[in-house]
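Quick note on our numbering: the sequence shown kicks off at 3 and runs consecutively.
Built from N, CA and C at the ideal position, the CB exists for glycine as well.
None of these values were measured; they are calculated from a predicted model.
Reviewing the structure listed below.
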Amino acid sequence: MSDLPPAIASWRDQIERLSEHASPCRYLLPAKWKAMRENALAFLDQHGAEAYRLGWTAPQLFGVHPQHGFLRVEYAGALMVNDSPAVAVEPDRIVFDRFSGYRTKPGQVWGVPVWEFVARGG
3 MSDLPPAIAS
13 WRDQIERLSE
23 HASPCRYLLP
33 AKWKAMRENA
43 LAFLDQHGAE
53 AYRLGWTAPQ
63 LFGVHPQHGF
73 LRVEYAGALM
83 VNDSPAVAVE
93 PDRIVFDRFS
103 GYRTKPGQVW
113 GVPVWEFVAR
123 GG
């Protein structure tokens with residue numbers, strides 16, 4: 003997707019490099035990871051430029067706990083907590099069909115992007 007901002011194109015490339023068949027974390031079923039990965043790519047294609055314009059960061063979208071991955075959801079980015087597709091992006095939340103992922107939780111500590119978790123050996 004050549005019309006994506008460079009940061010978004012980089013994030014998309016990092017997600018693309020992660021296997022759709024092998025979960026990046028032993029606590030996440032491969033089928034769920036496959037759906038999350040597909041939805042993350044679709045989000046970047048459909049909403050990535052707007053998310054970037056609104057100041058969303060890689061950890062806020064793709065973060066996982068640096069040692070425990072998907073097991074510690076309080077470190078998770080908005081796109082790494084479920085396997086539902088996002089329908090909209092707003093300044094402080096990512097909207098899904100039945101809930102929203104916020105980036106304004108008081109005291110929030112973000113994890114590392116999932117691709118960094120994998121590079122560290124997960």
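Tyr-54 burial status per 10 Å Cβ neighbour count (16 or more: buried): Counting from 1 along the sequence shown, the entry for residue 54 is found at position 52. The residue in question, Tyr-54, is buried, as its Cβ has 16 or more Cβ neighbours within 10 Å.
Evaluate the contact criterion for the stretch 32-39 versus the stretch 73-80: three or more CB pairs, one atom per stretch, below 8 Å. no
Which whole-angstrom value is the C-beta distance of Leu-56 and Val-89, which I expect to be below 8 Å? On the sequence shown, position 54 is the one that residue 56 refers to. On the sequence shown, position 87 is the one that residue 89 refers to. Rounded, the Cβ-Cβ distance is 15 Å, inconsistent with contact.
Between which two residues does the beta strand (DSSP E) carrying Val-97 extend? As a first step, residue 97 must be located in the sequence shown, where it is residue number 95. Residues 95-98.
Report the rounded CA-to-CA distance for Asp-15 versus Arg-122, giving the unit in angstroms. The residue labelled residue 15 in the question sits at position 13 within the sequence shown. The residue labelled residue 122 in the question sits at position 120 within the sequence shown. Cα to Cα, Asp-15 sits roughly 18 Å from Arg-122.
Alpha carbon to alpha carbon, how far is Val-111 from Asp-5? Translated into positions along the sequence shown, residue 111 becomes position 109. Translated into positions along the sequence shown, residue 5 becomes position 3. Using only the alpha carbons, I get a separation of about 31 Å.
With a cut-off of 8 Å on the beta carbons, I'd call Met-7 and Val-116 a contact; round off their distance for me. For the purposes of this step, residue 7 is identified with residue 5 of the sequence shown, where counting begins at 1. For the purposes of this step, residue 116 is identified with residue 114 of the sequence shown, where counting begins at 1. What sits at residue 7 in the sequence shown is Pro, not Met. 20 Å between Cβ atoms; not a contact.
Could you check where the beta strand (DSSP E) with Gly-103 kicks off and where it finishes? The sequence position of residue 103 within the sequence shown is 101, counting from 1. Where Gly-103 is concerned, the enclosing beta strand (DSSP E) stretches over 102-104.
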